[in-house]
Amino acid sequence: MTSSKSNQHRQRAPSHVIFWLAKLSTCCFSRAGGRCPPPSLPRSAVTGKYLYVDKNILGLSSARLLVSHGVDVIVLEAVDRVGGRTLTMHPPDDDPSVPKFGWADLGASYVGPSQNHILRLCKELGLGTYLCSDKQDFIHYSKGRQFCYQTTWPNLWWSNPLAYLEVVYMCRLMDNMSKEIPLDKPWKAPRAKEWDKLTVQDFLCRHCWTKYVHNHTDSFITKNRNGRQFCYQTTWPNLWWSNPLAYLEVVYMCRLMDNMSKEIPLDKPWKAPRAKEWDKLTVQDFLCRHCWTKDGVEFLLALCSNNNTADGHEMSLLYYLWYMCQGGGLLNLWRVKGGAQERKIVGGSQQICLKMAEQLAVSFHMKIHFDPPLSSRRYGLLQRSPMGLVLKCIIFFNHPFWAEKGYSYIYTNWMKIHFDPPLSSRRYGLLQRSPMGLVLKCIIFFNHPFWAEKDDGYNGLVTCNDDIEVVGLATEDFKPGVQLAGMICFVYGDQALGMANLTEEERKKKVCQTLSNFYKTHAALKPVHYMDKIWSQDTYVGGGYTCYYPPGVLSKYGPAIRESIGGCIFLAGTETALQWTGYMSGAVEAGERAAREVRTRMTTRNTNNFQASSTLSTLNKALKLSRSYQTSSLSR
1 MTSSKSNQHR QRAPSHVIFW LAKLSTCCFS RAGGRCPPPS LPRSAVTGKY LYVDKNILGL
61 SSARLLVSHG VDVIVLEAVD RVGGRTLTMH PPDDDPSVPK FGWADLGASY VGPSQNHILR
121 LCKELGLGTY LCSDKQDFIH YSKGRQFCYQ TTWPNLWWSN PLAYLEVVYM CRLMDNMSKE
181 IPLDKPWKAP RAKEWDKLTV QDFLCRHCWT KYVHNHTDSF ITKNRNGRQF CYQTTWPNLW
241 WSNPLAYLEV VYMCRLMDNM SKEIPLDKPW KAPRAKEWDK LTVQDFLCRH CWTKDGVEFL
301 LALCSNNNTA DGHEMSLLYY LWYMCQGGGL LNLWRVKGGA QERKIVGGSQ QICLKMAEQL
361 AVSFHMKIHF DPPLSSRRYG LLQRSPMGLV LKCIIFFNHP FWAEKGYSYI YTNWMKIHFD
421 PPLSSRRYGL LQRSPMGLVL KCIIFFNHPF WAEKDDGYNG LVTCNDDIEV VGLATEDFKP
481 GVQLAGMICF VYGDQALGMA NLTEEERKKK VCQTLSNFYK THAALKPVHY MDKIWSQDTY
541 VGGGYTCYYP PGVLSKYGPA IRESIGGCIF LAGTETALQW TGYMSGAVEA GERAAREVRT
601 RMTTRNTNNF QASSTLSTLN KALKLSRSYQ TSSLSR
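Residue numbers (full-length UniProt numbering): 1 to 636.
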């Protein structure tokens, strides 16, 4: 008897869904095409003018901009938290065994001085930032060897190694010349008239043999070329390579790639003069063709993995150069002071999303709709009108959300949304060829910063790409007002895949052993707390920090990156930003750009003029999808 009732319930359930979907579809729009007042809908049905998917930095900044202009917005979130690729952990109050570590960012966390979008948003939300340390020595670790250096970047970046010697000679020459000049009366120097007739450029051209010295002097004077910022430090380098030639080679290659990246348009990289040529190569192919030393290739591949969480043999050279260009050059992406890693947010980066969500709820009375935990599919129904396609409905499990306008940000996970009618071949081609990077981020806390305590201590930053140690990048996690010393470790690529199959305790032991090897101390084997996040196991993120493009993708499918779908779905995602793609600033830029596109579209298009046949067509598709999905869900 019980089984019979259960079967009857299973048979009746789809009918209920069909009823209120039909009622919603037939009553919202009249046959004449005019808008009627919405009917009394079931609790799970929501209507609005604009439909937005996913509650993270990008989406909330977009919704925030739209509601400030009076747009009716529905906000949906696929999981039970806000934040997307930001995730801040706090010590539980009811567990005395967990030390008070303040907060820990297991997702995005860094902001830099030229990341104007995220810095502006933090200021508007009342969030403060603090500086990260770059004092003391840095370490590059390879096959048991520890190479220390004192600047964030080896600064010998000339393509002609002789220029290095010449620059040192010229600096010494000009220092000696400057000693002849009286500080109070420089015009009375013995050669004042002679020197005052020359410009700096004239002097350098007379005395220098290599053109790169002149270029280097220019970089002291101006760092902006064609509106793009390519910064180079001016401190003299430390020769820290096992092979001295590798030092020259690394700097030459960095300068070469920076110059190549200047040829790439920020908005349309596939239109670069050599786009097809570069898109046929991987980063590793390019480095192996142009580098002579193994140490140089290893370090440059380490930078590639650290920046993009993918191996050099997987990534298109065109994409990597485009990524560099968006961040203002390779040095700017890598360095701390004045670069992308200069600051963090006090209290954690997830506060950005939490404060925006609170602001939307309090100031605009907006409700956030979270997806039921059993939901594994989402459907997007596109309806045709005389003006083109219009996003009509997205179904989360059996919860429909209807709207006149919409856009979805879920860049790499759009495959989890099933659109009817299907998206274009170019769009699907891009989705299928845009993998997320593989990264495991962990934070380990110690009672004291053992790496910085000695006179010859380190600032905590270590790079490694020897395929032996599991950690690819380690850096200090300093927080103001917190006594515990933290160390952030990133595990990339194949190492991240292997670590994902281990238990948390096993991962902890491997990471601590790697830190012990890096710093040559057993103190790293005695942490007081450990936590990590395997981003590839996050259902609706799928990896981190961002997606990347293999060879051949950007030149063929690139135009679909920001191209709207039918004029009704406006694409965003930090991957679509023009500056700082992969960073929080890029997410804010992309979200606000998509919001402006929606706002512009809403003012130039009347979406209420539908044909009756189009409404019936959408209804039939809604019924069909509802039946098939509800049946498959109940059977599971």
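For glycine and all other residues, C-beta sits at the position ideal for the given N, C-alpha and C.
Cβ-based burial, residue i [other Cβ within 10 Å; buried from 16]
i	result
CYS568	buried
ARG85	buried
TRP209	exposed
PRO449	buried
ALA474	buried
LYS533	buried
ASN176	exposed
GLN115	buried
LEU317	buried
LYS123	exposed
LEU198	exposed
PRO551	buried
GLY126	exposed
CYS171	exposed
CB contact below 8 angstroms: residue i versus chain B
i	result
MET499	Included in the structure is just one protein chain, with no chain B present.
Where residue i falls: helix, strand or coil (DSSP)
i	result
ILE565	strand
ALA524	helix
GLY542	coil
GLN146	strand
THR293	coil
HIS117	helix
MET366	coil
GLY70	coil
TYR252	helix
THR603	helix
THR88	strand
SER424	coil
SER555	helix
ILE315	With the sequence shown as reference, residue 315 is identified as Met, and Ile is not the correct amino acid for it. If DSSP states are grouped into helix, strand and coil, MET315 belongs with coil.
THR282	strand
CYS208	coil
ASP105	strand
TYR320	helix
VAL588	helix
PHE518	helix
Beta bridge counterpart(s) of residue i as assigned by DSSP
i	result
ILE345	THR129
CYS512	According to DSSP, which records beta bridges pairwise, CYS512 is partnered with nothing at all.
ILE139	CYS148 and VAL462
CYS304	None, per the DSSP bridge assignment.
TYR549	Its beta-bridge partners do not exist; DSSP assigns none.
MET436	CYS547
TYR110	LYS344
Cβ pair residue i, residue j closer than 8 angstroms
i	j	result
MET531	CYS442	yes
GLY102	GLY481	yes
LEU497	LEU438	yes
LEU440	ALA500	yes
LEU578	TYR319	no
PRO99	LEU515	no
GLY128	VAL346	yes
GLU249	GLY296	yes
PHE445	HIS529	yes
CYS254	LEU330	yes
PHE518	TYR141	yes
MET487	GLU504	no
PRO117	SER585	Note that residue 117 is His in the sequence shown here, rather than Pro. Contact flag set, yes.
TYR548	GLY429	no
LEU333	SER261	no
TYR540	THR309	no
GLY472	ALA302	yes
Host beta strand (DSSP E) of residue i (start-end)
i	result
LYS441	439-446
GLY486	485-492
ASN56	No beta strand (DSSP E) holds ASN56; DSSP gives it neither H nor E.
ASP532	529-534
LEU198	That residue, LEU198, is in no beta strand (DSSP E); it is neither H nor E in DSSP.
LEU473	473-477
Residue span of the alpha helix (DSSP H) that contains residue i, given as start and end
i	result
ALA272	Segment: none, ALA272 is in no alpha helix (DSSP H) and carries neither H nor E.
ASP80	First-last for ASP80: undefined, no H or E at that position.
TRP580	It is not in any alpha helix (DSSP H) - TRP580 carries neither H nor E in the DSSP assignment.
TRP334	330-334
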